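Numbering (our numbering), first residue to last: 87 to 512.
In this text, a Cβ means the ideal position worked out from N, Cα and C, and glycines have one as well.
Please read all numbers here as calculations on a predicted model, not as lab measurements.
Below: the structure, in structure tokens.
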């Protein structure tokens with residue numbers, strides 16, 4: 087089967103620098119196209135003072151692009167920026183019906199659709215596609231809103247209320263409910279959760295397999311895995327933890343679109359610890375790491391304790407590369423998920439980080455304090471629960487900031503120096 091022929095377009099707006107140089111960003115777009123099963127036959131760049139309101143790149147460049155596409159018999163054109171509905175409509179008109187038009191976001195969604203291996207992953211992709219297509223569809227069918235009596239939604243181009251169909255809502259609820267059931271069970275057992283985050287192809291899945299011997303799909307391509315995968319690991323002190331591999335991040339992906347992957351994002355938000363995996367061999371390692379940090383910040387998920395993991399050290403030829411990365415990330419752990427180098431140090435760091443904000447406690451809660459018991463399960467780690475005549479004896483660990491909520495129920499003196507009541511348990 088012949089592969090479709092893709093022509094790439096890079097756009098640089100002066101005074102609006104991105105994390106990557108235009109050249110590096112275009113190289114990444116080429117890799118994305120190859121991952122999607124396309125063959126790249128050419129590319130063109132345009133530098134602008136400001137984007138053209140009609141075609142993004144201006145009429146002269148559009149005419150040049152049309153000529154190049156026709157000369158090289160391209161099947162589709164891919165822009166390294168997200169195209170507005172107007173840009174897309176005008177460009178499609180100029181390029182003609184025989185040439186498909188994609189932007190970076192649509193290309194990534196196509197890759198997501200190819201790599202969703204479970205029903206949950208497929209639902210997340212479908213939700214993301216709805217989020218992406220909605221503004222493009224509603225602006226093409228504004229007459230529908232008039233026929234329905236106007237309203238205040240985006241379909242009519244008026245107001246700021248988003249239009250969310252029943253199908254989208256059901257998809258979202260189905261995915262969230264599925265993940266929520268798993269999280270409730272984890273909280274009941276008191277098992278800490280570690281989430282792997284990082285730029286796409288940083289080696290997260292390889293690390294998951296190295297730590298757990300899990301049978302997970304691994305490939306040297308962008309977005310090789312999409313579905314969250316959770317496995318158990320044992321830490322040096324014998325403590326068990328759950329580690330979850332999440333979808334990789336990438337630059338220039340709109341925050342609203344990332345947010346459509348709520349199952350992955352909720353795994354991150356609910357985690358006790360994040361392992362930020364960085365590809366040490368990549369020439370844009372720092373920029374990739376910054377893109378991940380920016381995305382987590384945009385999604386208000388940058389408050390989870392994080393350990394930076396410099397991966398693929400076996401592939402670094404120049405020692406200065408690692409020295410420079412270590413200077414930027416002095417608290418990082420250097421590993422090779424492929425050769426297992428540094429994994430013992432990483433496990434020790436995971437254990438230390440999980441325990442850094444926790445302290446051992448033993449409580450005797452009244453039978454009427456069901457809410458406190460639930461709060462212990464939610465925020466702490468429960469080792470044992472015994473139902474006694476005078477109350478419920480609970481032992482485990484609590485975060486330091488939660489100790490005050492349980493102060494009067496400590497069986498032993500509070501670790502923060504309080505002198506709580508010491509009830510009898512017999």
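Simplified DSSP assignment, three categories, for residue i
i, result
"residue 383", "helix"
"residue 120", "helix"
"residue 485", "strand"
"residue 238", "Annotation note: pLDDT 37 at residue 238 (below 50); position unreliable, coordinate value reported separately. Three-state DSSP puts residue 238 in coil, outside helix and strand."
"residue 231", "Residue placement at residue 231 is poorly supported in this model, since its pLDDT is 40, which falls under 50; the coordinates still yield a value, given next. If DSSP states are grouped into helix, strand and coil, residue 231 belongs with the helices."
"residue 126", "strand"
"residue 184", "coil"
"residue 95", "strand"
"residue 458", "helix"
"residue 434", "helix"
"residue 136", "coil"
"residue 392", "strand"
"residue 356", "coil"
"residue 280", "strand"
"residue 115", "helix"
"residue 204", "coil"
"residue 470", "strand"
"residue 159", "coil"
Distance, residue j Cα to residue i Cα
i, j, result
"residue 204", "residue 213", "14 Å"
"residue 156", "residue 90", "14 Å"
"residue 371", "residue 405", "15 Å"
"residue 180", "residue 103", "28 Å"
"residue 159", "residue 152", "10 Å"
"residue 353", "residue 459", "23 Å"
"residue 223", "residue 334", "28 Å"
"residue 409", "residue 364", "14 Å"
"residue 494", "residue 388", "33 Å"
"residue 108", "residue 146", "20 Å"
"residue 112", "residue 299", "36 Å"
"residue 171", "residue 139", "11 Å"
"residue 144", "residue 385", "33 Å"
"residue 478", "residue 464", "17 Å"
"residue 154", "residue 116", "17 Å"
"residue 350", "residue 472", "35 Å"
"residue 101", "residue 119", "28 Å"
"residue 208", "residue 347", "11 Å"
"residue 428", "residue 366", "14 Å"
"residue 97", "residue 136", "10 Å"
"residue 544", "residue 114", "What is shown of the chain runs 87 to 512, which leaves residue 544 out entirely."
Chain-order list of residues whose beta-carbon lies under 8 Å from that of residue i (same chain, five-residue window excluded)
i, result
"residue 169", "142, 177, 187, 189"
"residue 402", "366, 367, 408"
"residue 162", "90, 91, 92, 93, 124, 185, 186, 187, 188"
"residue 357", "279, 280, 281, 330, 390"
6 Å Cβ shell around residue i - same chain, five flanking residues per side excluded
i, result
"residue 316", "328, 330"
"residue 134", "99"
"residue 200", "none"
"residue 341", "384"
"residue 110", "370"
"residue 379", "none"
"residue 290", "282, 284, 331, 363"
"residue 355", "387"
"residue 415", "394"
Nearest-angstrom Cβ-Cβ length linking residue i and residue j, presumed shorter than 8 Å
i, j, result
"residue 399", "residue 422", "5 Å"
"residue 65", "residue 195", "A query on residue 65 cannot be resolved here, the shown segment of the chain reaching from 87 to 512 and no further."
"residue 486", "residue 445", "6 Å"
"residue 482", "residue 497", "Rounded, the Cβ-Cβ distance is 12 Å, inconsistent with contact."
"residue 437", "residue 322", "6 Å"
"residue 492", "residue 449", "6 Å"
Contact under 8 Å by Cβ, residue i with residue j
i, j, result
"residue 361", "residue 279", "no"
"residue 359", "residue 325", "no"
"residue 130", "residue 95", "yes"
"residue 288", "residue 397", "yes"
"residue 407", "residue 451", "no"
"residue 411", "residue 447", "no"
"residue 332", "residue 282", "yes"
"residue 197", "residue 122", "yes"
"residue 456", "residue 488", "no"
"residue 127", "residue 165", "no"
"residue 106", "residue 435", "no"
"residue 285", "residue 174", "no"
"residue 393", "residue 439", "yes"
"residue 191", "residue 343", "yes"
Proximal residues to residue i (C-beta, below 7 Å), its chain only, five neighbours per side dropped
i, result
"residue 425", "400"
"residue 470", "481"
"residue 320", "326"
"residue 431", "419"
"residue 277", "326, 327, 328"
"residue 339", "191, 194"
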